[in-house]
Each structure stands twice: as C-alpha cells, then as structure tokens.
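Encoded as structure tokens, the structure appears first; notes follow it.
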Amino acid sequence: VKDLKASVLGIFGEEDKGIPAEGVKKFEAVLKDAGKSVEKVHLYKAGHGFMREKNGDMPNPEYRAEPAKDAWMQIEAFFAKKLK
Numbered sequence: 029v030k031d032l033k034a035s036v037l038g039i040f041g042e043e044d045k046g047i048p049a050e051g052v053k054k055f056e057a058v059l060k061d062a063g064k065s066v067e068k069v070h071l072y073k074a075g076h077g078f079m080r081e082k083n084g085d086m087p088n089p090e091y092r093a094e095p096a097k098d099a100w101m102q103i104e105a106f107f108a109k110k111l112k
C-alpha cells in the first residue's frame with residue numbers, strides 16, 4: 029500500500045473464501061496504519077461475487093439482492109463524492 033494515493037472504498041463478502049474476512053480487516057488496518065485515505069470498508073454477509081446477478085447466462089448462486097443494492101449505493105456515493 030506504500031504507493032497508494034487514492035482513497036479506498038472496500039466492498040467484500042464476509043463469506044468469500046478467496047478473500048477471508050480476517051484478511052479484509054487486516055487490509056483495512058494496514059491502510060489506516062500507513063495513513064492512507066479509507067472511505068469505508070464494508071463486509072457484507074455474502075460470498076464472492078454477491079453483487080452479480082448472473083454468471084454469463086446462468087443465475088449466480090452467490091447473488092444477494094439486498095447487500096448488492098446497498099453495495100452499489102455505496103459505490104455510487106463514493107464516485108459522486110470523489111469524481112465531482
């Protein structure tokens with residue numbers, strides 16, 4: 029994170045096996061300890077890919093409508109704030 033200059037918004041699923049919740053918490057702590065700008069780090073009760081309704085033409089079994097809706101709102105607010 030040494031060279032990171034942008035603000036960070038983290039959107040993660042706490043049940044993601046590829047990026048475990050403990051790793052997300054450590055990542056956030058490292059960012060903050062390094063004095064980096066952290067807008068928010070969210071851990072949603074969901075798995076990997078929870079924001080994607082489909083995988084190609086097939087339904088995504090990890091999709092979670094309510095957490096996905098909230099996550100997209102967080103992303104849109106972050107971009108509106110940072111890109112104005």
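Under the working numbering, residues 29 to 112 are what the sequence shown spells out, in order.
Even for Gly, the Cβ is constructed at its ideal location relative to N, Cα and C.
Being a predicted model, the structure only gives us computed values, none of them experimental.
Could you compute how far the alpha carbon of Asn88 sits from the alpha carbon of Lys97? 15 Å
Per DSSP, what kind of secondary structure is Gly51 in: helix, strand or coil? helix
Endpoints, the alpha helix (DSSP H) within which Phe107 is located: Ala93 to Lys110
Rounded straight-line distance, which links the Cα of Lys30 to that of Gly41: 25 Å
Would you mind stating whether Gly46 and His76 have Cβ atoms separated by less than 8 Å? yes
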